[in-house]
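Chains E and W supply the protein sequences, listed in that same order. Under our numbering, the first residue of the first sequence is numbered 50, with each subsequent residue one higher. Under our numbering, the first residue of the second sequence is numbered 2, with each subsequent residue one higher. Accompanying notes for the structure given below.
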Amino acid sequence: GAVVSQHPSRVICKSGTSVKIECRSLDFQATTMFWYRQFPKKSLMLMATSNEGSKATYEQGVEKDKFLINHASLTLSTLTVTSAHPEDSSFYICSAMTGIQETQYFGPGTRLLVL
Amino acid sequence: GEDVEQSLFLSVREGDSSVINCTYTDSSSTYLYWYKQEPGAGLQLLTYIFSNMDMKQDQRLTVLLNKKDKHLSLRIADTQTGDSAIYFCAESRDSSYKLIFGSGTRLLVRP
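Written out as structure tokens, the structure is:
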């Protein structure tokens, strides 16, 4: 139980284009999902907290117009990197929280490379 | 992860015990977690401990929490080559459930 998927697992795009990453909770409903960014050999940095049916809460220093988050249903949250630049290249990981155990379950991550 | 610190690297021989240490600064932490990350993959929750507990054991894993010193450790008994990975400790504070991660400890298990 508590499986979280991400799609795509890997994406390469040209500078200036937008990329959408999906995060799905497969066997549970997640009222809250989190988006993290991980640089090579570094820790995870929380970008934003996504609550179903409401606007995401962004961490300090994260541009909300750059990283658009939509949490349209209890099983799906999307992160759209708009007008991507090479410095946006990173490993993006989502997590979903079950309301009962308040434990975060992580997706497998999406590696984004912007050329 | 500047509020949560871990040593960067640990190397052990297969069959030995591994002890990964973590220190944190916020005394209001409610839950403390250990996650495992294999290369190119997401994070797998290994175990967690509530802040009012001293110890938690789960098969080969033992978590010790010293709240006074704000020190958390993960002991892996009979370490196997499949345990080679990066291990992250994380804390959550108050009711926000946001996780603050340490920098990760890379565990290498030698045959």
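A virtual CB, placed ideally from N, CA and C, is assigned to each residue, including glycine. Just so we're clear, the structure is a prediction, and the values are computed from it rather than from any experiment.
**Prompt:** With distances taken between CB atoms, is the gap from S58 of chain E to V163 of chain E smaller than 8 Å?
**Reply:** For the purposes of this step, residue 58 of chain E is taken as residue 9 along the first sequence, with counting starting at 1. For the purposes of this step, residue 163 of chain E is taken as residue 114 along the first sequence, with counting starting at 1. Contact: no.
**Inter-residue Cα distance where the pair is L66 of chain W and Q58 of chain W** = Numbered from its first residue, the second sequence carries residue 66 of chain W at position 65. Numbered from its first residue, the second sequence carries residue 58 of chain W at position 57. The straight-line gap from Cα to Cα measures roughly 12 Å.
**Message:** Applying the 10 Å Cβ sphere with the 16-neighbour rule, what's the burial state of A133 of chain E?
**Reply:** Position 84 of the first sequence, counted from the start, is the residue given in the question as residue 133 of chain E. Its Cβ being crowded by 16 or more others within 10 Å, A133 of chain E is buried.
**Request:** Pick helix, strand or coil for D59 of chain W, following the three-state DSSP scheme.
**Result:** As a first step, residue 59 of chain W is located in the second sequence; it is residue number 58 there, counting from the start. Reduced to three states, the DSSP call for D59 of chain W is strand.
**Request:** Kindly indicate if chain E contains any beta-carbon less than 8 Å away from that of Y98 of chain W.
**Result:** As a position in the second sequence, residue 98 of chain W is number 97, starting the count at 1. For Y98 of chain W, the answer is yes, since a Cβ of chain E falls inside 8 Å of its Cβ.
**Request:** Using a threshold of 8 Å, state whether the C-beta atoms of A97 of chain E and E108 of chain E are closer than that.
**Result:** Taking the first residue of the first sequence as position 1, residue 97 of chain E is located at position 48. Taking the first residue of the first sequence as position 1, residue 108 of chain E is located at position 59. Against a cut-off of 8 Å, the Cβ pair of E108 of chain E and A97 of chain E comes out as a contact.
**Prompt:** Which residues, in order along the stretch 27 to 46 of chain W, keep a beta-carbon less than 7 Å from a beta-carbon of chain E?
**Reply:** A42, G43, L44, L46
**Prompt:** With DSSP run on the structure shown, which of helix, strand or coil describes E136 of chain E?
**Reply:** Taking the first residue of the first sequence as position 1, residue 136 of chain E is located at position 87. In this structure, E136 of chain E counts as helix in the three-state DSSP scheme.
**Request:** Note down, in chain order, all residues in the stretch 138 to 160 of chain E with a beta-carbon under 9 Å from any beta-carbon belonging to chain W.
**Result:** F140, I142, C143, S144, M146, E151, T152, Q153, Y154, F155, G156, P157, G158, R160
**C-alpha gap between P135 of chain E and L73 of chain W, whole angstroms** = As a first step, residue 135 of chain E is located in the first sequence; it is residue number 86 there, counting from the start. As a first step, residue 73 of chain W is located in the second sequence; it is residue number 72 there, counting from the start. Cα to Cα, P135 of chain E sits roughly 37 Å from L73 of chain W.
**Message:** Taking the straight line between their C-alpha atoms, what separation do you get for S54 of chain E and R73 of chain E?
**Reply:** Along the first sequence, read from residue 1 onward, the residue named residue 54 of chain E stands at position 5. Along the first sequence, read from residue 1 onward, the residue named residue 73 of chain E stands at position 24. Each residue's alpha carbon lies about 5 Å from the other.
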